[in-house]
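Going by our numbering, the residue at position 323 of the sequence shown is 392; the numbering climbs one at a time, nothing skipped.
The C-beta atom is built at its ideal place from N, Cα and C for all residues, glycine as well.
Below: one structure, written as structure tokens.
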Amino acid sequence: MSKKPEMTICRNCNTPMAKNAKTCPSCGAKNTKPFYKKWWFLLLIIVLAISAFNSIGKSKKEKFDWKDVELCDRLPKPKSKTGSIIINDSSSLSMDVEKTSKSDYKAYIEKCQSMGYTVESEKDGDTYNAFDEEGYALSLDYIGEEMYIELDAPIEMGTLTWPKSKIAGLLPLPESTVGKISDDRADGCYIYVGKTSIDDFTAYIDKCTDSGFSVDYDKGDKFYRASDKKGNQLSLTYEGNQIMTIQIEKPEKTRKKKTKAKKEEPAAVETEAAPESEPPAETEAPDNSAESADGMRPEFKAAMDSYEAFMNEYCDFMARYAQSDGTDLGLLADYTDYMSKYADVVKDFEAWDNGEMNTVEMAYYLDVQTRIEKRLLEVIE
Numbered sequence: 070m071s072k073k074p075e076m077t078i079c080r081n082c083n084t085p086m087a088k089n090a091k092t093c094p095s096c097g098a099k100n101t102k103p104f105y106k107k108w109w110f111l112l113l114i115i116v117l118a119i120s121a122f123n124s125i126g127k128s129k130k131e132k133f134d135w136k137d138v139e140l141c142d143r144l145p146k147p148k149s150k151t152g153s154i155i156i157n158d159s160s161s162l163s164m165d166v167e168k169t170s171k172s173d174y175k176a177y178i179e180k181c182q183s184m185g186y187t188v189e190s191e192k193d194g195d196t197y198n199a200f201d202e203e204g205y206a207l208s209l210d211y212i213g214e215e216m217y218i219e220l221d222a223p224i225e226m227g228t229l230t231w232p233k234s235k236i237a238g239l240l241p242l243p244e245s246t247v248g249k250i251s252d253d254r255a256d257g258c259y260i261y262v263g264k265t266s267i268d269d270f271t272a273y274i275d276k277c278t279d280s281g282f283s284v285d286y287d288k289g290d291k292f293y294r295a296s297d298k299k300g301n302q303l304s305l306t307y308e309g310n311q312i313m314t315i316q317i318e319k320p321e322k323t324r325k326k327k328t329k330a331k332k333e334e335p336a337a338v339e340t341e342a343a344p345e346s347e348p349p350a351e352t353e354a355p356d357n358s359a360e361s362a363d364g365m366r367p368e369f370k371a372a373m374d375s376y377e378a379f380m381n382e383y384c385d386f387m388a389r390y391a392q393s394d395g396t397d398l399g400l401l402a403d404y405t406d407y408m409s410k411y412a413d414v415v416k417d418f419e420a421w422d423n424g425e426m427n428t429v430e431m432a433y434y435l436d437v438q439t440r441i442e443k444r445l446l447e448v449i450e
């Protein structure tokens, strides 16, 4: 019994015909794939998606003068002069260098090592992280003939005075008394602790576990995430260069409930008229532009996560698109819908983005970019 041939539809007269037929037996039209099924169209869509994502950074690509970099004396000069300087001050540098070959990148790492960036060095694929003896933190990444450079000056610390809030009181005191309090609130705090080795960090994790922070924990060599029975959330990270960070927050529901109660609280009865020069007290609106404890603006994190989720959904669509037989014209309508959604995502992104990402945000931006480019390349293969 012969195998029944796969069928398709003539694009000219809609007559059923064999998929491998060269011409339609009814009207004689050539049996060709629709333009949106051809490899060059798929490749064009992917290139456009990558280019559009890269444009979100909004950093103008141009030649830079290395002498304008405030921390230029602490790093070797890159071979290429083309790129973007994103952050440039005496405490932090973030930039990308275009037209950098793989050999140029490897040579640059060697030059950085010769300048002392070998303390706690880590090399993972095309990423290199290290400190120098003075505590300057270097991070290098290589993506698509571009080298990304980040350099941060050491954090200035002094004698650590532990916060007096109840939430901070839930934690054991670290052995070191050197540190810096970055954020201290009634519902949470963020603390840097210096002179803390990786062994000290591990010992502190054990102390926190004994103090009840062992619910739904997630542990790695340099991080620990857990909650206690009341839902208070703890995050410990070994940052390197003998620095540990401690972040603790009350449960999100508790924080929302407190905020809601504050808004619904009736105004106190005034016995005296307030001076005309002083306006009535108002509930202070949250500062959406402020950085969260992890160094990223909440709206930035939300926008990037939303964008990545959209692109993952789009890649799933492109995978279905690549596997289709060319007869499902609904895919073209779906593509139009995705492009409309994409325009909305970019519009929302640009609504808050001022083009000046801080170091932490830039690192997250690059992580998202790498993951999305990987997904897009998987669709091509």
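In the DSSP annotation of this structure, Q311 is not part of any alpha helix (DSSP H), being labelled neither H nor E. In the structure shown, the three-state DSSP call for F386 is helix.
Under the rule that a run must span 3 or more residues, the beta strand (DSSP E) segments found entirely inside the region 148-173 read 151-157, 161-166. Per DSSP, P94 has no beta bridge partner at all. Pairwise C-beta distances place the region 254-267 in contact with the region 228-245, as three or more of them are shorter than 8 Å. In the displayed model, S183 falls within a helix according to three-state DSSP. With a beta-carbon spacing of about 26 Å, K264 and G281 fall beyond the 8 Å limit used to define contacts. Looking only at R440, E442, M431, the smallest Cα-Cα distance to L209 is reached by M431. Judged by DSSP secondary structure, A199 falls within the beta strand (DSSP E) whose first and last residues are 196-200.
DSSP places Y205 in the coil class of the three-state scheme, outside both helix and strand. Counting every other CB atom within 10 Å of its CB across the protein chains shown gives G194 a total below 16, marking it as exposed. In the three-state reduction of the DSSP assignment, A87 falls in the strand class, which pools E and B.
In terms of Cα proximity to K291, the closest of E189, S375, V429 is E189. If you look at C141, you'll find it isn't in any beta strand (DSSP E); DSSP assigns it neither H nor E. Note on geometry: alpha-carbon atoms of Y174 and K370 lie some 29 Å from one another.
In the displayed model, E377 falls within a helix according to three-state DSSP. As DSSP reads the structure, L220 sits in a beta bridge with L162, L207.
Judged by DSSP in its simplified three-state form, K132 adopts strand. In terms of Cβ geometry, D221 and S183 do not form a close pair [threshold 8 Å].
Secondary structure note for D268: its alpha helix (DSSP H) is the uninterrupted segment 267-279. A residue is called buried once 16 or more other Cβ atoms fall within 10 Å of its Cβ, and T428 is buried on that count.
Note that the region 151-168 does not touch the region 265-276; fewer than 3 beta-carbon pairs, one per stretch, sit closer than 8 Å.
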